[in-house]
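Peer 1: Numbering (the UniProt record's numbering), first residue to last: 1 to 1178. Pasting a structure here, questions to come.
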């Protein structure tokens, strides 16, 4: 029977079987179609999303136990090539039936499926992405283009991926030729086949260009997909008799079954089987036939991957080991119904890859049954047709370009490399990539050949041209011209063949050079149509095939199906400004984003996988599958539709960060332990809401019903909206789920350092109430300032309404800002006033002691003394204190004396001077800084002599000092007003007694400019304290007759500054406080050394001991506060220190004087006075 007769008979039988659903039970006996007739329009380059796991678990079809190299007893009579693709077992311990020991039946789903045609043909194909099946053109090229697809009025067709596909076929027919995902059967909406498959009669529609692509009307979710190799396998270094080329492969399909020696089933049983083999040759049928039957024009030049079915015992008379190798375990070959199935290279790389599509098989003897020992199978190498596959696959992997852009902008998009495409790189590694030149196709130059063709006596090596025996010994070197080889006979015309091989090799060298030149040629510019990576000028939007009329002829044709897998990986935000449907959405870039506007709609049919990045949904973002949030952020006030939103370790934040709104999820929500829910809180009762709702809908994958359950875990994080003050007692309902709440959140965050959420779980909602904790638990307990304020805040919370502004801002602070804020509230200005006051009263006492000394030393009767420039100092101070300092520095410490302006027993003075220094800061404040101060004083008084050895006087003094506590926003300005009475007398023994007593008012103005959160406060206070100073001293000039005067002096001095209870103004954290009495009782002992005459230098030195302890702290509370005062530490005081003074003056008409004074070894209050003058008398 001829090949065409066999094909016609088998198709007629299959047509009859599939003519009616009433005979569906008979399909298990139906025969597989050997050549298929339908024709698809084109194929699309498809990315792969899964890799089948099949080499280990898939039962194999047949393998001999061992191989014996034996002489062959019969030479092949002819070669009859039939289209087929099935696996059958050799019967060496294996069984073709399911459930039997050694069964080669493959259970489950591995991405290899059975092709159905409603007009009665079956084949096999491989899923290479969720929309695309790669199979054989002869399964469909018997009818014209646009002839398939029930949706467009063509022949219904489908693929079923179950190991036993008959249930899928039944479901498909019962569903009216529709996809039934639960049975893993998918309807075909378009088929494209390579037109080269029918271009030449010699190829019989299946020998050349026999590749086709089917487009599925529904994404095959959950079905494994295959990687496909677009590089040729390289010629092995040697061919051995056991493993041949060394390329181990797996054949699999749904075709007829049987055993190596027979019998063979007449029909297919819709079950998938698999077996092992070795690639015999990469070569054409011309190469095979030239050796077996002698050189001739066979007209079949396209290279094919070919393999033979070896008898493990070498007993079958028809097995002459046409491609030199031994049987595998289990060895198998293909049969009718396996057409289109994959040739899987399974051991060369770590990953299994499909390298070819099965076209048919051959037998060589008239009595030899097909698919028994000695027959062969041949596959279309994918590397020849890689660009056709890439172009005609309906699936496109695309990504947005870097930068922001609109979804509707064609220039915003770029195609990416299909992840299923594999090439072999220069290092021999399998990598994701495409070749650098177009595929040669059926008719292009292809120099890639290897393997050995044998005729039972000798073999020809296609790579070298040598003629060798079955043991590999070279019988005839390549290029040898001979007509006969001893022991071989001449039936195969070895001499002619050798010459032909040499000629072919020479031509192959030329062809190789040509192919290399082609290989260096640039690929065409990438376009969305040719499927190459790098194309732009398109908008991702799925399109099913539909009829289009030619504008000229009016002829109808089907548009090409196009489906998109979108991965937002580049930095930038893509704005969804339209409505679009795609197959798959991935957000994988850290800085990538998707913004679905209020009018935008995006439907991802299979799933949404957000690995990173940000997604904002104000419109509608939907999928029939799950939304997986691995990392990143989901926000917005729109709706998400998904079976389940599975939050693994990302964050869901309704609305936007800092605002409130409701994000609706139509589906269920799963919150894993590392996930987060971010809720913004506004005024009482106003917050973000995550609204979870169940729904039911029909989909391409069947009816979807979701319960609207919120399964909780992870953390819920609360944040106040911008400008909102959260107050204790506020409550919010932030999550609702009409399907119910299961489980609870694992953790939550405090609102602030002292505000905490309390969650309440209802049957279908979760609420939060805000409660206040203790400030004492939030502060650094090592800080005296923080603990003092924490006590005040905790004790006064009962008066929350009274201090609502203070608590509102303070309660919102996190721990670090709270601690810093409390530190900034330290009342440093109050303690600075103590140091300034000490310096003022002591400087005043020193001045009057010096005045007493000068008046007592000479006859000052009838004089007016000017110390410094008091008028100028006072005038300058009224304008600018800094000017007063400059003036004081220029003033004379020595008096300018006007003679005869007063009675002889009276004198008067007017004095001015400059003071500056620093004092200890607040000891517990952080950071610790010292207080700085400077200012001026003026004084005036009159004295009257009493007898010849005494005097007394009365004076008024004014001192003005500006204090700086060392931190911005605080200051302490003080003024001292004192009335002083002083006197002195010298006894007959030369001892002088002096005394003074001062009383007055010490006025302190403090200011603290503080900030709490966004609120600022100007806190001011004024305290007028009573200032009292008294001093009594004894001195004696030890050298009255000498030009050098040495005068020791001892004295006692008492000082009190009596502060009064004071309240700050300014609200908020304003304090009411009492600094108490600040007393000093000093014992003083010193000496003055001076010269007498016109040139008068002098120096003083004094040791001071203070007998009084100063207060360690002062108490304060908020103005109007309750409970005990908080204690704030005051600066400590020194017990012992020294004082040094020195000056010089000259007499005459031009008089110059200068004086300096300083404390020594004193740290509580360090201060200095400086005075200098120049006087010219006229």
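C-beta atoms are modelled at their ideal positions from N, C-alpha and C, and glycine is treated no differently. Since the model is a prediction, treat every value here as computed from it, not as a measurement.
Does the contact criterion of 3 or more C-beta pairs under 8 Å hold for the region 260-274 versus the region 464-476?
Peer 2: no
Peer 1: Which partner residues of residue 580 appear in the DSSP bridge assignment?
Peer 2: 602
Peer 1: With a threshold of 16 other CB atoms inside 10 Å of the CB of residue 1068, please say whether the residue is buried or exposed.
Peer 2: Label assigned to residue 1068: buried.
Peer 1: Note down the Cα distance separating residue 118 from residue 718, rounded to an integer number of angstroms.
Peer 2: 60 Å
Peer 1: Helix, strand or coil for residue 1181, going by three-state DSSP, please let me know.
Peer 2: Lying outside 1 to 1178, the shown extent of the chain, residue 1181 is not represented and no answer is given.
Peer 1: Starting from residue 784, trace the alpha helix (DSSP H) in both directions and tell me its first and last residue.
Peer 2: Note, residue 784: alpha helix (DSSP H), 784-796.
Peer 1: Might you give, ordered along the chain, the residues of its own chain that have their beta carbon closer than 7 Å to the beta carbon of residue 346, omitting 5 neighbours on each side?
Peer 2: Only 55, 248, 249, 250, 352 meet the Cβ criterion.
Peer 1: Taking the beta strand (DSSP E) that residue 810 belongs to, which residues open and close that run?
Peer 2: From DSSP, residue 810 is part of no beta strand (DSSP E) but of the alpha helix (DSSP H) over 804-811.
Peer 1: Would you mind stating whether residue 768 and residue 711 have Cβ atoms separated by less than 8 Å?
Peer 2: no
Peer 1: For the region 198-238, which segments carrying the beta strand (DSSP E) assignment without a break, of at least 3 residues, lie completely within its bounds, in sequence order?
Peer 2: 212-216
Peer 1: Provide the residue span of the beta strand (DSSP E) that contains residue 292, from first to last.
Peer 2: Looking at the DSSP string, residue 292 is not in any beta strand (DSSP E); the run it does join, the alpha helix (DSSP H), is 285-293.
Peer 1: Please state whether DSSP places residue 134 in a helix, a strand or coil.
Peer 2: strand
Peer 1: Whole angstroms are fine: how far does the CA of residue 673 sit from the CA of residue 760?
Peer 2: Whole-angstrom Cα-Cα distance: 19 Å.
Peer 1: What is the DSSP secondary structure of residue 1161, reduced to helix, strand or coil?
Peer 2: Residue 1161 carries a coil assignment under DSSP once its states are collapsed to helix, strand and coil.
Peer 1: Quick check: the Cα distance between residue 785 and residue 578, rounded to an integer number of angstroms?
Peer 2: 59 Å
Peer 1: Out of 791, 1054, 1102, state which residue places its alpha-carbon closest to the alpha-carbon of residue 1126.
Peer 2: 791
Peer 1: Jot down the residue ranges of each uninterrupted alpha helix (DSSP H) in the region 159-203, minimum 4 residues, whole runs only, in chain order.
Peer 2: 166-174
Peer 1: What separation, rounded to the nearest whole angstrom, lies between the Cα atoms of residue 341 and residue 208?
Peer 2: 16 Å
Peer 1: Does DSSP put residue 384 in a helix, a strand or coil?
Peer 2: Residue 384: helix per DSSP, three-state reduction.
Peer 1: Can you give me the start and stop residues for the beta strand (DSSP E) that residue 562 sits inside?
Peer 2: Here residue 562 belongs to no beta strand (DSSP E), and DSSP marks it neither H nor E.
Peer 1: Please classify residue 1038 as buried or exposed, where buried requires at least 16 other C-beta atoms within 10 Å of its C-beta.
Peer 2: exposed
Peer 1: Whose CA, out of 700, 765, 726, 148, lies closest to the CA of residue 1183?
Peer 2: With the chain covering only 1 through 1178, there is no way to say anything about residue 1183.
Peer 1: For the 8 Å Cβ check, are there 3 or more pairs between the region 406-420 and the region 307-317?
Peer 2: no
Peer 1: Considering residue 817, what are the terminal residues of the alpha helix (DSSP H) in which it resides?
Peer 2: Boundaries of the alpha helix (DSSP H) harbouring residue 817: 815-824, taken from the DSSP string.
Peer 1: What three-state label does DSSP hand residue 1170 in the structure shown?
Peer 2: strand
Peer 1: Taking all protein chains shown into account, do 16 or more other C-beta atoms lie within 10 angstroms of the C-beta of residue 427, making it buried, or fewer, making it exposed?
Peer 2: exposed
Peer 1: Ends of the beta strand (DSSP E) at residue 1025?
Peer 2: 1015-1036
Peer 1: What is the DSSP secondary structure of residue 757, counted as helix, strand or coil?
Peer 2: strand
Peer 1: Using the Cβ count rule (16 or more neighbours within 10 Å means buried), how would you classify residue 826?
Peer 2: buried
Peer 1: Helix, strand or coil, according to DSSP, for residue 373 in the structure here?
Peer 2: Here residue 373 sits in coil by DSSP.
Peer 1: Return helix, strand or coil for residue 851, following the three-state DSSP convention.
Peer 2: Helix at residue 851.
Peer 1: I'd like the list of long-range same chain contacts for residue 422, defined as Cβ closer than 6 Å, with 5 residues on each side in sequence excluded.
Peer 2: Answer for residue 422: 227, 229, 353, 430, listed in chain order.
Peer 1: Measuring straight from C-alpha to C-alpha, what distance separates residue 648 and residue 631?
Peer 2: Straight-line Cα distance between these residues: approximately 7 Å.
Peer 1: Figure out for me which residue from 202, 807, 457, 113 has the closest Cα to the Cα of residue 255.
Peer 2: Of the candidates 202, 807, 457, 113, the one whose C-alpha sits nearest the C-alpha of residue 255 is 113.
Peer 1: Quick check for students: name the residue ranges of the beta strand (DSSP E) that lie wholly in the region 376-452, counting only runs of 3 or more.
Peer 2: Within the region 376-452, the complete beta strand (DSSP E) runs of at least 3 residues are 376-381, 395-400, 413-415, 421-424, 430-432.
Peer 1: Quick check on this structure: which residue in 178, 968, 381, 689 has the alpha carbon closest to the alpha carbon of residue 657?
Peer 2: 689
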